[in-house]
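Positions in the sequence shown are counted from 1; adding 132 to them yields my numbering.
Cβ atoms here follow ideal geometry from the backbone N, Cα and C, with glycine treated the same way.
The structure appears right after this line, and notes come after that.
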Amino acid sequence: MKRVDFLVIGGGIAGLSAAIRLAAAGSVLLVSKDALAESNTAYAQGGIAVAMGGDEDVALHLEDTLAAGDGLVNRSAAAILVEQGPQRVQELLAWGTAFDREAGKLMLTREGAHSLPRILHANGDATGREIALSLLRHVREIPTIELLEWTTGVELLTIGDRVTGATLLDGDETLQTVLAGSTLLASGGAGQVYSDTTNPAVATGDGIAMAYRAGAEVSDMEFYQFHPTAFAMDGAPRFLMSEALRGEGAFLLNAKGERFMQHYHPLLELAPRDVVARAITREGLDGTVYLDMRHSTKDLKARFPGISAFLSRYDLELGRDLIPVRPAAHYLMGGVRTDVHGRTSLAGLYAAGEVACTGVHGANRLASNSLLEGLVFGALAADAMIHERRGSQQRSALEPESSPEGKIDVGDAYIAAWITELRNLMWLDAGLLRDAAGLRRAGEGLAALALRMPEALTRPAIEARNLHTVATVIVVSALAREESRGAHYRNDFPQRDLIAYHSVMQRGHLRSIALDSDLTLTAI
Ligand code: SIN
133 MKRVDFLVIG GGIAGLSAAI RLAAAGSVLL VSKDALAESN TAYAQGGIAV
183 AMGGDEDVAL HLEDTLAAGD GLVNRSAAAI LVEQGPQRVQ ELLAWGTAFD
233 REAGKLMLTR EGAHSLPRIL HANGDATGRE IALSLLRHVR EIPTIELLEW
283 TTGVELLTIG DRVTGATLLD GDETLQTVLA GSTLLASGGA GQVYSDTTNP
333 AVATGDGIAM AYRAGAEVSD MEFYQFHPTA FAMDGAPRFL MSEALRGEGA
383 FLLNAKGERF MQHYHPLLEL APRDVVARAI TREGLDGTVY LDMRHSTKDL
433 KARFPGISAF LSRYDLELGR DLIPVRPAAH YLMGGVRTDV HGRTSLAGLY
483 AAGEVACTGV HGANRLASNS LLEGLVFGAL AADAMIHERR GSQQRSALEP
533 ESSPEGKIDV GDAYIAAWIT ELRNLMWLDA GLLRDAAGLR RAGEGLAALA
583 LRMPEALTRP AIEARNLHTV ATVIVVSALA REESRGAHYR NDFPQRDLIA
633 YHSVMQRGHL RSIALDSDLT LTAI
C-alpha cells in the first residue's frame, strides 16, 4: 500500500499541468494507463484556441464558445476558460512549448465557428504532441512527482462519500492500493464507446466509470461530439482530418462533386461541428463525401505534415486528391460533474479535462477549446486540492471500504469480441442521429451484454466494464432528452426546447437541473 498527498489519474494535458502545480505542495503520484505520451492530448492536431490579443479578443472568444454550445454553456466556466487561457498559454511558452511562428510571431489559424483566427498550432498539425512532450519534460524534472506508466485505475476507494485513493492494476497485473489525500481524475474521454472514433485505444471512459460507480454525479453524457471529417476508407483507421484543413480553405464535396454546406449553414464549411457532421451524414447517404484542397496554393505538406504522411500511406495527397471523410466520435462534452475548481460531488475527488463536465462546452464544444480546457481547469483543480490539503488534516490513515473483485480467467479474444459488439450497437443506435426506438434497442443490447460481462482483473476486462458503464449512462441520458440540441440530435424530436437544462445521473437515477446550478458539494 502506498500513501501520497495527491493522486493524479491520467497523463494528458490536464493531469500533467495539474501535477506540476501540485508538486509544490506535496507528494504526487501520476499514473497513466499506457506510455505517458499516449493520450487524447497527444492526438490533438488543430491546435489550442486562445485569445492572446487583449480584452476584445477574449470577449469574442467567449461569444463563440457560447454560440457553439447551443444554449447549454455554463457562462461562468466559459468566462474563466477564455480569461485565464492566455496566462496558462504563456506558462506553456515559458516551459518551452514551441508553437509555430512566422517572422517570430505566433501563427494563428481558424476553425469552425470561430469568428477570427485564434488557434495556435505546433509542428503544423501536431499541436497536442508538442504540448504533451513539453509538459512531460517539465514534469520529469520535478523530483516530488512519481510517474507510473502502464497502470490502470480499477476502482476509487471510498469512506462514506469521501474518496480516499484508488486501486490500480500495474503493468504486471498486480493490484496496488494507493491512499491519497485527494485524487484528480484527468483520464480523458471515451471515444472507444463507438465503433468509429478519432480517439486512441486508451480512451475508454475509465475515470467517468470509476467516479460513477463510486457514487459521483455525472452530467450531460448524451452530448458526444462527432468530428465531421475523419478519414473514411475501408480497412484504414479513422484518422483525424483536422478542422484546420477547412480553416485553411478546404471545401466539402458530395458524391456529385458539388459543395453542399450552403444548404445547411451560412458559415459553410466553417459551421459548428455538429451542423457539419450531420450535413456530411445526410449527404453521405448518396455516396462518399470528400475534403477538397486541390484549389489551395499553400504548401500543404509543410502546414499539415502529420496528415500528409498518413495520407501518403494510401497514395493520397492533400493538394492533388479528394480525401474521403465521414464523422467519427471525437469528444465527450459530458463527464464527471464538477464546479470550476474541479470539485466533484464526492469529497476528495476532483476531475479536470475531458473526463470532467464543468458545462464549459455546453451541448457542443468549440473547436480547439479542449486543450485550453485541460490547461485552465487542470490548474484550477490543482489549486483547490492544495487549498483543501492546507485546510484539513491528513486522512491518509483511513482504510477504504471498497475493494475490487478477484481474478477470473476470461480470454482476451472473448473480451475483444464483446467490446466490438458494444461499440457497434452504440454507433448504430446511439450515434449521431438518434430516436427513441434506436436508443431503446441500444439499452436492450447493453442489458444483454451485461449478462455476459467479462469479469477478469485485467486491463481489457476493466476497460470493457468501463465502456459498458459509460455507454449505459449515454443511452439513458439520450433517451430522456426529448429535444435536439448541439451534438445530441433526435430524429423524433428535431426541435430545441425553450428551456435549457443539464442532465445529471447518479447511482442509477437521472434528473435534470437548471442551467448554471451550483454543484451541491459534500463537505470537504
Ligand atoms: C481538429 O484538429 O480538427 C480537432 C481539434 C479539436 O477537436 O478541437
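For Pro456, the pairing in a beta bridge is given by DSSP as Tyr422. Residue range 633 to 638 is occupied by the beta strand (DSSP E) that includes Met637, with no alpha helix (DSSP H) assigned at that position. For His641, the pairing in a beta bridge is given by DSSP as Gln638. One thing to note: Val310 has its Cβ within 8 Å of the Cβ of Leu139. In the DSSP assignment, the residues bridged to Leu238 are Arg233. In chain order, Gly285, Ser319, Asn598 place their CB closer than 6 Å to the CB of Asp338, counting only its own chain and leaving out the 5 sequence neighbours on each side. Inter-residue distance for Glu243 and Glu305 is about 43 Å (C-alpha atoms, whole angstroms). In this structure, the beta-carbon distance from Gln638 to Glu354 does not fall below 8 Å.
Under the criterion of beta carbons closer than 8 Å, Gly313 and Asp567 do not qualify as touching, at roughly 47 Å.
The three-state reading of DSSP puts Phe436 in coil, since its state is none of H, G, I, E or B. Annotation for Arg370: Asp328, Thr329, Thr330, Ala362, Phe363, Ala460 place their beta carbon closer than 7 Å to its own, counting only its chain and skipping 5 residues before and after.
By the neighbour-count criterion, in which a residue is buried when 16 or more other Cβ atoms sit within 10 angstroms of its Cβ, Ala588 is buried.
Relative to ligand 1, the nearest heavy atom lies less than 7 Å away from the CB of Ala376. Out of Arg475, Ala545, Gly494, the CA that lies nearest to the CA of Ile518 is found in Arg475. By the neighbour-count criterion, in which 16 or more other beta carbons inside 10 Å mark a residue as buried, Met558 falls on the buried side. A Cβ-Cβ distance of about 36 Å is found for the pair Ala612 and Arg220, leaving them out of contact under the 8 Å criterion.
Of the candidates Ala150, Leu161, Arg153, the residue whose Cα lies closest to the Cα of Lys134 is Leu161.
Not one heavy atom of ligand 1 falls within 7 Å of the beta-carbon of Tyr356. Shown here, Phe371 sits in coil according to DSSP, grouped into three states, outside any helix or strand. Burial check for Asp648: the Cβ neighbour count within 10 Å stays below 16, so the residue is exposed.
Sequence-distant partners of Arg573 (beyond 5 residues in either direction) whose C-beta falls short of 7 Å from its own C-beta, in its chain, are Asp561.
No Cβ-Cβ contact shorter than 8 Å links Gly179 with Ala479. Taking C-beta separations shorter than 8 Å and ignoring five residues to either side along the sequence, the partners of Pro218 in its chain run Val182, Ala183, Met184, Val190, following chain order. Distance from the C-beta of His462 to the nearest heavy atom of ligand 1 is below 7 Å. Between the alpha carbons of Arg445 and Ser247 lies a distance of about 35 Å.
Taking Arg584 as reference, the option from Ala548, Ile606, Val608 with the minimal CA-CA separation is Ala548.
Residue ranges of uninterrupted beta strand (DSSP E) with 3 or more members, entirely inside the region 323 to 371 and ordered along the chain, are 356 to 363. For Glu278, the beta-bridge partners assigned by DSSP are Leu161. With a 10 Å radius around the Cβ and a threshold of 16 neighbouring Cβ atoms, Gly143 comes out buried. For the 8 Å CB-CB criterion, Asp293 and Pro437 do not form a contact.
When C-alpha distances from His253 are compared across Ser266, Thr241, Val457, the shortest belongs to Thr241.
Secondary structure remark: continuous alpha helix (DSSP H) runs of at least 4 residues inside the region 134 to 211, in chain order: 145 to 154, 172 to 175, 187 to 200.
Gln177 sits buried, since 16 or more C-beta atoms from the chains shown fall within 10 Å of its C-beta. Ala335 is the residue among His193, Tyr326, Ala335, Ala156 whose C-alpha sits nearest the C-alpha of Asp166. Counting the other Cβ atoms within 10 Å of the Cβ of Ile606 gives 16 or more, which makes it buried.
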